[in-house]
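Keeping their order, the protein sequence lines are chains H and P. For the first sequence, the working numbering gives the first residue as 464, with consecutive numbering after it. For the second sequence, the working numbering gives the first residue as 12, with consecutive numbering after it. Note that beta-carbon positions come from the ideal geometry of N, C-alpha and C, so glycine has one too. All remarks here apply to the structure that follows.
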Amino acid sequence: MTALDSKARPRDFTDSYLRTAVRRMKKDKAAVAGTFIIGLLILVALAAPLLTKYDPLEQNYDELLLPPSASHPLGTDQYGRDLLTRIIYGCRYALLIGVGVVIIQFLVGVSLGLIAGYFGGSVESAIMRLTDVMLSIPSVVLAVTIAGFLGGGIQNVIIAVSAIGWRAYTRLVRAEVLAIKEKAFVEAARAIGCGHLRIILRHILPYTMGPVIAYSSLAVGISILWAAALSFLGLGAQPPTPEWGAMLADGREYMMDAWWIATFPGLAIMFTVLGFNFFGDALRNALDPKMERERR
Amino acid sequence: MGNYLLRRFILLIPVLLIVSILISSLIYFSPGDPVRVMLGLRANEEAVAKIRAELGLDKPYYIRYWKWLKNVLQGNLGRSLQRNEPVLQLIAERLPATIEMTFFALMVAVLLAIPAGVISATRANTWVDNLLSFLSLFWISMPGFWIAMIAIMLFSLKMGLLPISGRGGPLWTAEGLRYLALPGLILGIRQVAIISRLVRAGMLETLSEDYVRTARSKGLSERIVIYKHALRNAMIPTVTIFGLQIPELLSLSVIIETVFAWPGMGRMLVDAVLKRDYTLVQGIVLVYALIVILMNLIVDLLYSYIDPRIKNE
């Protein structure tokens, strides 16, 4: 069985395929920029306490609404907290939310997509009808309703944002599975008596991963945007959490007097999302399954 | 055709039914109580229980849903728990403002995205194309509500050119336009970033078709080739995209409406969710779903108008 396994299968989602992708990524300027930004964000999130001498939550009534200066490079907010410090700690929340959402969406969306594509028939139409129904509720309307009813907090934001994005994975994976499941190596696996689970996980899943992984990078960025929007509406991270969207909501009331509160957290969001978008776009080009298939 | 329309309308019913079941389950199984929001934190238990009974909130899930459904079938979305007005009336008051902003944004998106996409495609991989593609990536990486805040700071607070928030009147009045300009443009330009990329892809594909080469070799001017021969065919995938963008526009409008205190459905939704106004939330979500489904239907009908080869069967 192992012999058949390794010989009858086309090139795997491993070795040379990955090496080609990495080589393509290295030549792509956007990919390099994206990798740099994401690396920087992870570093900042991990090293947050080392990067600043202030506390993100401690209020200081002697230093309210100070404009950017040498001791507070990005100024202070209405409670005298250092804005740079809060943005640095906010990195942790952004990454936590972005990655958390994508993991949930990935698990739910990919499973449903695999099941729909592999089994077909009424299972498939039930799952695809469900994604159609979800598609008819505008995503923010759904997220606002879920986040609002579950109550604020990071955990509920992750749930609410996950609820709006999983269907993209389902559609993506289903389409891939439909193309793969008729291939000879899948049939061979079936012929030698592999169970459904083994065929799905071992023989089909790896080949659907290219586009899914590229989409995941874009999805991290999108999720961070949605989560920030929910926090901004007062339905997500609650004060005094140094989450960027919530910080911008604070800044709204001080737009006249303290432009920095309403500006810098937004720049942080933009920079982060831009990084994931650069990376995701480049990854999609590098892993392009069409190009890979043509070469086979 | 009439048959097709009828079938599409019948298909509406199960979708709306599932949407309503999803939302009412969410409402039923999540924490929070509208009566406590109404009466405040120090309300006594007896009063809470009494009002809960009056509103039917003490009944089990399926009875509440069934009662709601029966009313809806009679065209009655119930009364708002917090405002004590008919939900239908509250929505009817707010709906025009939301449709107005979304329509304005869609027009902005169409008017800017198609030329931008065509320019990108005809000058593919030149600096113009690269600049446009970089700008759109940049723009979609920014949170819409943040762009709105910066725009308010610059154009309303600093320069005093446009009103900070609110609605001035209907779309066709000068005052109405002044109030609509900022939120409408911000909502629209975001979609330009997305749609123009897709128009570009559609155009590039069409421009490599044989009939375009034929048109060129006949000696037709480039203008006619692009706008008359290529664009019309490139529009087919684009119309789908516009259809897909409508839920997206409605989505973002919830946020933009809140930033600009725009008296639309989105702002009312956020408010109703925070106040646990079950009936109002359910009504609003249902109306949103209805708009999206009807828009998809219109888009499908548009296909066969743009491309007579496509028949709606």
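Along the segment 568-626 of chain H, the beta strand (DSSP E) does not occur as any fully enclosed run of 3 or more residues. Against Thr539 of chain H, chain P offers no close residue; the least beta-carbon distance is about 19 Å (beta-carbon pairs closer than 9 Å).
Considering only beta carbons, the part of the segment 15-39 of chain P lying closer than 9 Å to chain H consists of Pro25, Val26, Leu27, Ile29, Val30, Leu33, Ile34, Leu37 and Ile38, in chain order.
Of the residues P:Asp288, P:Arg19 and P:Leu198, the one whose Cα lies closest to the Cα of Arg63 of chain P is P:Asp288. Put simply, the CB of Pro601 of chain H is near chain P, with a gap under 7 Å to one of its CB atoms. The alpha-carbon separation between Ile175 of chain P and Leu188 of chain P amounts to approximately 13 Å. The C-beta distance from Ala204 of chain P to Trp150 of chain P rounds to 4 Å, short enough to fall under 8 Å.
Under DSSP, Pro97 of chain P takes part in a beta bridge, and its partners are P:Arg90. Distances from the alpha-carbon of Leu122 of chain P to those of P:Tyr72, P:Tyr73 and P:Leu196 put P:Leu196 closest. Judged by beta-carbon spacing, Val210 of chain P lies within the 7 Å limit of Gly128 of chain P, meaning their Cβ atoms are closer than that value. Straight across, the Cα-Cα distance linking Leu231 of chain P with Lys646 of chain H is about 47 Å. Distance between Ala712 of chain H and Gln701 of chain H, taken at the CA atoms: about 10 Å. Under the rule that a run must span 4 or more residues, the alpha helix (DSSP H) segments found entirely inside the segment 24-72 of chain P read 45-50 and 56-66. Asn740 of chain H has a beta carbon lying within less than 7 Å of a beta carbon in chain P. For Asp140 of chain P, the secondary structure class from DSSP, reduced to helix, strand or coil, is helix. A residue is called buried when at least 16 other Cβ atoms come within 10 angstroms of its Cβ; Met710 of chain H meets this threshold and is buried.
Boundaries of the alpha helix (DSSP H) harbouring Val281 of chain P: Met276 to Leu285, taken from the DSSP string.
Closest option to Ala557 of chain H, judged by alpha-carbon separation, among H:Asn523, H:Glu706 and H:Ala745: H:Glu706. Here the alpha carbon of Leu198 of chain P sits roughly 21 Å from the alpha carbon of Phe734 of chain H. By the criterion of a C-beta distance shorter than 6 Å, Ala749 of chain H is surrounded in its chain by Ala484, Arg487 and Met488, once the five residues flanking it on both sides are discounted.
Here Thr704 of chain H carries a coil assignment [DSSP, helix/strand/coil].
Between Ile267 of chain P and chain H, the shortest Cβ-Cβ separation is not below 7 Å. Of all residues in the segment 601-615 of chain H, only Pro601, Ser602, Val603, Val604, Val607, Thr608, Ile609, Gly611, Phe612, Leu613 and Gly614 place a beta-carbon less than 7 Å from a beta-carbon of chain P.
Of all residues in the segment 699-714 of chain H, only Gly708, Leu711 and Gly714 come within less than 8 Å of chain P when Cβ atoms are compared, listed by chain position.
Taking the Cβ atoms as the reference, Ile130 of chain P lies roughly 17 Å from Arg243 of chain P, outside the contact range of under 8 Å.
Beta-bridge pairing by DSSP links Thr539 of chain H to H:Asp545.
Trp157 of chain P sits in a helix when the DSSP states are folded into three classes. DSSP places Ala721 of chain H in the coil class of the three-state scheme, outside both helix and strand. Sequence-distant partners of Tyr39 of chain P (beyond 5 residues in either direction) whose C-beta falls short of 6 Å from its own C-beta, in its chain, are Tyr72.
Nearest to Gly584 of chain H by C-alpha distance, out of H:Phe695, H:Arg637 and H:Gly611, is H:Arg637. DSSP places Tyr670 of chain H in the uninterrupted alpha helix (DSSP H) bounded by Leu668 to Phe695. Leu280, Val281, Val284, Leu285 and Val292: these are the residues of the segment 271-294 of chain P whose beta carbon lies less than 7 Å from some beta carbon of chain H, given in chain order. Three or more Cβ pairs drawn from the segment 280-299 of chain P and the segment 607-623 of chain H lie within less than 8 Å of each other, which places the two stretches in contact. At a C-beta separation below 8 Å, Trp722 of chain H has these neighbours in chain P: Met164. Within the same chain, Arg105, Ala108 and Arg178 come within 7 Å of Pro274 of chain P by CB-CB distance, once the 5 residues on both sides are set aside.
The C-alpha of Arg134 of chain P is placed about 6 Å away from the C-alpha of Asp140 of chain P.
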